[in-house]
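Remarks on the structure that follows.
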């Protein structure tokens, strides 16, 4: 009945919207109102660009990069011009130097047929010598490599060049931060290559922080104060700063770029580009161009074509957005969810760099909360997302978590079974994944989701203190307390225990669609929870300096069990080494096997009604392959163990090798707590696989059941209901909910 009423309500809303909708004027056929996207990659070596990268409007860009020479440790600095349309490279300048000893390039620029470069030579004054640091500016002819002119900038009272910009073949502009007075001063310099004249202007009255220089669309150079976001054009003859250029007041926390295509300058805020008058020119994300704030190095506009030079993580190259008709533009592949993980955004960007027939767009419904940045948002976005799902929404891929449960959506027919796609022999198959991972996320023998990573939520103990406990029940919990009266079983708060109880509820207390909460086992869980302290009491104890459960207090018996979130092999190795031979992973108390809870990161499913199934499946495959986790690099930072078998086994191989855990003199590295690190043994690895095999998957948790538990249990904890009454109330509500799902 509830479903019928909800459907009628949605239908009424849709009809009402249709009734008041104003049909827009038709767009003339062939009118270019959209953009077609292309991306040209840059080789990795050329991607280490710093200090200077500049796009032109003729399908080239100029980049300065450095690389270390493996044979002698010297570094080579290169300024090259790249024709990215034809993958051709032209070296404009190259020099090899020894860092800290010799002329080291600081800033490089290019204009006309001249490379301008500032070289820094470290003196020995700080070591007791008499040679000061020095900065030299050279103008190098790109045709024959000869030095056209050279200036010793120290002679001009300038000891460090902050920004260098060559405007043409005849002059260079430099902005300096100097320390020749008690306060910071900022100087603007113009050097004429023909006459050698150096004009110096103090701009400290206008500039509050390190100045930057940009080329305006009208050919002038301007000084930017990044702190105040003020842009001052430079008067060429006098070198004084002209009146600041105005831009829209609402443009904040963005970046300026030199202008082109009739715009004096560009302002990039988030992923929207604004012109000098403050009007938005283009939202890059709408057309599949996504990036972080500092990834964009340059932007040009010519004949309506936008080019974006991008250097970000694994994305190096140039986006080109060309005006096209709406019919020619790539259709949108919608990836929707609530609190969508960073890995999915990265996958969407990778998809859009390699596929131009679709535009992957991530819609995170958290943006629809009343205050999306609140610590505890109202989750209005969840309601909106579920309402649109019930109305048959326009989705292709769904981001699945506690707010969108794969088990619930699968029963509603909302998700596509992925097993036929896995078995079709594409880039991702069943063998791609760590054994048993896919089975953990099945619903009635079907697979409705794929995840990038997983973690294990468990409890750690020391067998030398409590004895062998491969499993742990509520009875064991109380027996441990009785056997160790001077110890605490754990420092877990009652709220934490309740969250754990919610995690396992759909596994241990729901069987074949029937709730089993009015049982002695569940009542025992509630009574055990009541023996724990509240989070507020725990925080008060922490403020009083009382101990917490950690490796040391577990080893000395102060606490018998420590909650542990194993999210990668570094965490697993650390636990084993800190407790030596005593480490055992008992899991949380349960009557049905070891109570490890498996949590998944960045889980995706395909919307069953999508008309873009092939593209959606390609996106899921790319998400798995693009997010394959490395071996040692950043292992501590990874969101979880990789579900990808090759990545997981490669990481295991790394942690098997003892040579990876000694320092350069052959002594063992240590954990954060000071214990010697050792390689993982085959026994350690077997134990990890056993934990994976036994774990209960959180991915199938039903948010509605969790909400019922978190609603009812606090009444018991406050003494307003007995354990038996609370269990009966939960039983009634959960069973009613389960009946409605049939």
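In this note's numbering, the protein residues as written are -19 to 722. All C-beta atoms in this analysis are idealised placements derived from N, C-alpha and C, irrespective of residue type, glycine included. Small disclaimer: the values here were computed from a predicted structure and weren't measured.
- For the 8 angstroms CB-CB criterion, residue 582 and residue 406 do not form a contact.
- A Cβ-Cβ separation of about 4 angstroms places residue 714 in contact with residue 495 under the 8 angstroms criterion.
- In the assembly as shown, residue 70 is an exposed residue. Its beta-carbon has fewer than 16 other beta-carbons within 10 Å.
- DSSP places residue 600 in the uninterrupted alpha helix (DSSP H) bounded by 593 to 606.
- Short of 8 angstroms from the beta carbon of residue 689, and not among the five residues preceding or following it, lie these beta carbons of its own chain, in chain order: 478, 481, 482, 485, 710.
- Using a Cβ distance threshold of 8 angstroms, residue 535 and residue 403 do not count as a contacting pair.
- In this structure, 722 is the residue among 722, 270, 50, 143 with its C-alpha nearest to the C-alpha of residue 388.
- With contact defined as three or more Cβ pairs closer than 8 angstroms, the segment 425 to 442 and the segment 553 to 571 are in contact.
- Residue 298 sits in a strand when the DSSP states are folded into three classes.
- The distance from the Cβ of residue 317 to that of residue 429 is about 12 angstroms, inconsistent with a contact at the 8 angstroms cut-off.
- Within the segment 146 to 199, the complete beta strand (DSSP E) segments at least 3 residues long are 151 to 158, 165 to 172, 178 to 182, 192 to 195, listed from N- to C-terminus.
- Excluding its 5 nearest sequence neighbours in each direction, residue 360 has C-beta neighbours in its own chain below 8 angstroms: 348, 349, 350, listed in chain order.
- The beta carbons of residue 427 and residue 418 sit closer together than 8 angstroms.
- A distance below 8 angstroms separates the beta carbons of residue 555 and residue 544.
- According to the DSSP secondary-structure assignment, residue 131 is paired through a beta bridge with 117.
- Closest by C-alpha distance to residue 167, out of 155, 444, 270, is 155.
- Per DSSP, the unbroken alpha helix (DSSP H) holding residue 721 starts and ends at 703 to 721.
- Residue state for residue 495 is assigned as strand, using DSSP reduced to three classes.
- Among the bridge pairs identified by DSSP, residue 227 is matched with none.
- Of 299, 119, 541, the smallest CA-CA separation from residue 449 is found for 541.
- In the DSSP annotation of this structure, residue 18 is not part of any alpha helix (DSSP H); the continuous beta strand (DSSP E) holding it starts and ends at 14 to 21.
- In the DSSP annotation of this structure, the continuous segment of the beta strand (DSSP E) that includes residue 56 starts and ends at 55 to 63.
- Taking one beta carbon from each stretch, the segment 453 to 468 and the segment 658 to 672 have fewer than 3 pairs nearer than 8 angstroms; the two do not touch.
- Comparing alpha carbon positions, the residue from 557, 201, 60 closest to residue 652 is 557.
- Counting only the Cα atoms, residue 390 lies some 37 angstroms from residue 292.
- Looking at 575, 590, 704, the one whose alpha-carbon comes closest to that of residue 673 is 575.
- Residue 580 is bridged by DSSP to 434.
- The C-beta of residue 259 has fewer than 16 other C-beta atoms within 10 Å across all chains shown, which makes the residue exposed.
- DSSP, reduced to helix, strand and coil, places residue 696 within a helical segment of the structure shown.
- Between residue 60 and residue 43, the beta carbon gap of about 6 angstroms places them in contact (Cβ cut-off 8 angstroms).
- With a contact defined as Cβ atoms closer than 8 angstroms, residue 116 and residue 99 qualify at about 5 angstroms.
- Taking a 10 Å sphere around the C-beta of residue 75, we find 16 or more other C-beta atoms and assign the residue as buried.
- Around the Cβ of residue 415, a 10 Å sphere holds fewer than 16 other Cβ atoms; the residue is exposed.
- The C-beta separation of residue 571 from residue 488 comes to about 7 angstroms, placing the pair in contact by the 8 angstroms criterion.
- DSSP places residue 660 in the coil class of the three-state scheme, outside both helix and strand.
- Annotated three-state conformation of residue 645 is coil, per DSSP.
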